[in-house]
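Novice: The listed protein sequences derive, respectively, from chains B and P.
full-length UniProt numbering puts the last residue of the first sequence at 160; the count rises by one with no breaks.
full-length UniProt numbering puts the last residue of the second sequence at 160; the count rises by one with no breaks.
All C-beta atoms in this analysis are idealised placements derived from N, C-alpha and C, irrespective of residue type, glycine included.
2 protein chains.
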Amino acid sequence: MQIRLATRPDNAAILSIVAPVLAAGTTYVLPQDWSDTQVLGYWFAPSHTVYVAEENGKILGTYYLMANQQGNGAHVANCGYITAADAQGKGIARQMCEHSLAEASQRGFGAMQFNHVVSSNERAVALWQKLGFNIVGTLPRAFHHPQLGYVDSFVMFKTL
Amino acid sequence: MQIRLATRPDNAAILSIVAPVLAAGTTYVLPQDWSDTQVLGYWFAPSHTVYVAEENGKILGTYYLMANQQGNGAHVANCGYITAADAQGKGIARQMCEHSLAEASQRGFGAMQFNHVVSSNERAVALWQKLGFNIVGTLPRAFHHPQLGYVDSFVMFKTL
């Protein structure tokens, strides 16, 4: 598997990976009813650098890397990762996160922060912890999960 | 003193309050080198509702209210407050924050979150705590203070 910068021909594959996750509304604090154009517009926002994980010509996951804040907070990076539904359990998210940490470090970021990791997304929380992220904050009932109701979200942070 | 929605004739006063604070770069994670147009564009972003604190026809402070996140995080509000340099110590920030909590509650928000309260801004931290906010997270060295170097920032949260 290789992880590389996304290019325009990847758009359809990226959309097929990202759109269902946003529509499900269980992990991202983004609208569930976005059109395809809005989904791609968000994922490819000017502030985002977008990567894809590819194996044998198939896109298995995608992530974006950005500065989490502007100005005097711009040395902290932020990422969002999504693995294709049919590629779960193969370590794609782990490889994308490891790639992003190396990329962020190379680009001069001093840390990475996730602002809103939904506590019920236990697999993600555990993975980020394995990769060296600490839970540095708990946002009480800050996420309204479509099935579970109000649940906490975590702020996670790793110094690079 | 009254606190009311900002209108276009308030722009010059708002700019004179906000621009120096952003240029100083000690409290907001926003660029220090923004033009006047960029400063006003940010303060009046489409997602922001902007208020001013006015006394005897003079604008003494301004704040914005917004949803801190979209989608299933949109029940948590966020605000930014700035008091005019020559109106410090008169309780303007406290009155603006109290006003914003009432407004947020009335608009149906269930909580308010500040994402990046710079720890060296001790007066603000103490004031938000007095008004019922808790420090729910500490972002290690997440702010590069122009004079103090890297300092922690706090995530502060209050349920409404």
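If you compare alpha carbons, which of P:F154, P:A74, P:P140, P:H144 is closest to P:A111?
Specialist: The residue given as residue 111 of chain P occupies position 111 in the second sequence. Here the closest residue by C-alpha is P:A74.
Novice: Can you name the residues of chain B whose CB is closer than 7 Å to the CB of P:V29?
Specialist: Taking the first residue of the second sequence as position 1, residue 29 of chain P is located at position 29. Within chain B, the residues near P:V29 are Q69, Q70, G71, N72, G73.
Novice: So P:A85 and P:L60 are in contact, right, with Cβ under 8 Å, and what is the actual spacing, rounded?
Specialist: Against the second sequence, residue 85 of chain P aligns to sequence position 85. Against the second sequence, residue 60 of chain P aligns to sequence position 60. Contact flag wrong, Cβ pair sits at about 10 Å.
Novice: Can you grab the Cα-Cα spacing for the pair B:V52 / B:V155, in whole Å?
Specialist: Position 52 of the first sequence, counted from the first residue, corresponds to residue 52 of chain B. Position 155 of the first sequence, counted from the first residue, corresponds to residue 155 of chain B. Straight through space, the alpha carbons of B:V155 and B:V52 are spaced by roughly 25 Å.
Novice: Would P:H48 count as contacting chain B if we go by Cβ distances under 9 Å?
Specialist: Translated into positions along the second sequence, residue 48 of chain P becomes position 48. Closer than 9 Å: no.
Novice: Using CA coordinates, which residue listed in B:I3, B:S153, B:A124, B:E122 is at the minimum distance from B:G57?
Specialist: Here residue 57 of chain B refers to the residue found at position 57 of the first sequence. For the residues B:I3, B:S153, B:A124, B:E122, the minimum Cα distance to B:G57 belongs to B:I3.
Novice: Is it true that the stretch 117 to 127 of chain P meets the stretch 145 to 160 of chain P, where meeting means three or more beta-carbon pairs spaced less than 8 Å apart?
Specialist: yes
Novice: Below 9 Å between beta carbons: does that hold for B:V18 and P:Q70?
Specialist: Translated into the one-based positions of the first sequence, residue 18 of chain B becomes position 18. Translated into the one-based positions of the second sequence, residue 70 of chain P becomes position 70. Cβ distance not < 9 Å, so B:V18 and P:Q70 don't count as in contact.
Novice: If you measure from the beta carbon of P:D142 to each beta carbon in chain B, is any gap under 9 Å?
Specialist: Counting from one through the second sequence, the residue named residue 142 of chain P turns up at place 142. In the sequence as presented, Asp is not what sits at residue 142 of chain P; that position holds Ala. Yes, P:A142 lies at the interface with chain B (some Cβ there is under 9 Å from its Cβ).
Novice: Going by C-alpha distance, which of B:A67, B:A12, B:E103, B:L65 is nearest B:S39?
Specialist: Working through the first sequence from its first residue, we reach residue 39 of chain B at position 39. The residue you asked about is not Ser; residue 39 of chain B is Val in the sequence shown. Among B:A67, B:A12, B:E103, B:L65, the Cα nearest to that of B:V39 belongs to B:A12.
Novice: For P:H99, return the contacting residues in chain B, with the cut-off set at a CB-CB distance below 7 Å.
Specialist: The count along the second sequence starts at 1 and reaches residue 99 of chain P at position 99. Simply none; closest approach about 23 Å.
Novice: To the nearest angstrom, how far is the alpha carbon of P:T62 from that of P:Q113?
Specialist: Taking the second sequence and counting its residues from 1, the one referred to as residue 62 of chain P is at position 62. Taking the second sequence and counting its residues from 1, the one referred to as residue 113 of chain P is at position 113. Those two C-alpha atoms are separated by around 18 Å.
Novice: Which residues in chain B have a C-beta closer than 8 Å to the C-beta of P:T159? List them in chain order.
Specialist: Walking along the second sequence from the start, residue 159 of chain P turns up at place 159. Going along chain B in sequence order, the residues near P:T159 (Cβ under 8 Å) are P140, R141.
Novice: Residues bridged to B:A111 by DSSP?
Specialist: Stepping through the first sequence from its first residue, residue 111 of chain B is reached at position 111. Its beta-bridge partners are B:V76, B:T159.
Novice: When you compare only the Cα positions, how much space is there between P:V50 and P:S153?
Specialist: Residue numbering aside, residue 50 of chain P sits at position 50 when the second sequence is read from its first letter. Residue numbering aside, residue 153 of chain P sits at position 153 when the second sequence is read from its first letter. Rounded to the nearest angstrom, the two C-alpha atoms are 24 Å apart.
Novice: On a CA-only basis, which of P:E54, P:P46, P:P31 is nearest P:G91? Give me that one, please.
Specialist: Walking along the second sequence from the start, residue 91 of chain P turns up at place 91. Across the set P:E54, P:P46, P:P31, the C-alpha of P:E54 shows the shortest separation from the C-alpha of P:G91.
Novice: Kindly indicate which three-state DSSP category P:P140 falls into: helix, strand or coil?
Specialist: Translated into positions along the second sequence, residue 140 of chain P becomes position 140. Strand at P:P140.
Novice: For B:Y42, does the three-state DSSP call read helix, strand or coil?
Specialist: Sequence index remark: in the first sequence, residue 42 of chain B carries index 42 (1-based). Looking at B:Y42 - three-state DSSP - the assignment turns out to be helix.
Novice: By how many angstroms is the C-alpha of B:A102 removed from the C-alpha of B:M96?
Specialist: For this step, residue 96 of chain B is matched to residue 96 along the first sequence. For this step, residue 102 of chain B is matched to residue 102 along the first sequence. Looking at the two C-alpha atoms, the distance is approximately 10 Å.
Novice: Please confirm if P:V117 has its CB atom under 9 Å from at least one CB of chain B.
Specialist: Working through the second sequence from its first residue, we reach residue 117 of chain P at position 117. It does not; no Cβ of chain B falls within 9 Å.
Novice: According to DSSP, is P:G61 part of a helix, a strand, or is it coil?
Specialist: Walking along the second sequence from the start, residue 61 of chain P turns up at place 61. Correct three-state label for P:G61: strand.
Novice: My output table needs one value for B:N134: the three-state DSSP class, helix, strand or coil.
Specialist: To locate residue 134 of chain B, count along the first sequence from 1; it is residue 134. Reduced to three states, the DSSP call for B:N134 is strand.
Novice: Starting from P:A19, trace the alpha helix (DSSP H) both ways and give me its first and last residue.
Specialist: Taking the first residue of the second sequence as position 1, residue 19 of chain P is located at position 19. For P:A19, the enclosing alpha helix (DSSP H) covers residues 11 to 24.
Novice: If you run the structure through DSSP and keep just helix, strand and coil, what is B:S153?
Specialist: If you number the first sequence from 1, residue 153 of chain B lands on position 153. Strand, per DSSP.
Novice: List, in chain order, every chain B residue whose beta-carbon is nearer than 8 Å to that of P:H113.
Specialist: What you label residue 113 of chain P is simply residue 113 of the second sequence in a count that begins at 1. First, the residue type needs correcting, since residue 113 of chain P is Gln and not His in the sequence shown. Residues of chain B passing the Cβ test: L139, A142.
Novice: Hey, out of B:P31, B:A24, B:G41, whose CA is closest to B:R8's CA?
Specialist: The residue you call residue 8 of chain B lines up with position 8 of the first sequence. Sorting B:P31, B:A24, B:G41 by C-alpha distance to the C-alpha of B:R8 places B:G41 at the top.
Novice: In chain D, what lies closer than 7 Å to P:Q32 by C-beta?
Specialist: This model lacks chain D altogether, as its protein chains are B and P.
Novice: According to DSSP, which residues form a beta bridge with B:L5?
Specialist: Residue numbering aside, residue 5 of chain B sits at position 5 when the first sequence is read from its first letter. B:L5 pairs with B:Y51.
Novice: Following a CB-centred definition, is B:A102 positioned closer than 8 Å to any heavy atom of the ligand SAM?
Specialist: Ligands are entirely absent from the displayed structure, and the ligand SAM is therefore not among its contents.
Novice: Any beta carbon of chain B sitting closer than 9 Å to that of P:P20?
Specialist: Within the second sequence, the letter at position 20 stands for residue 20 of chain P. Answer no: the Cβ-Cβ gap between P:P20 and chain B never drops below 9 Å.
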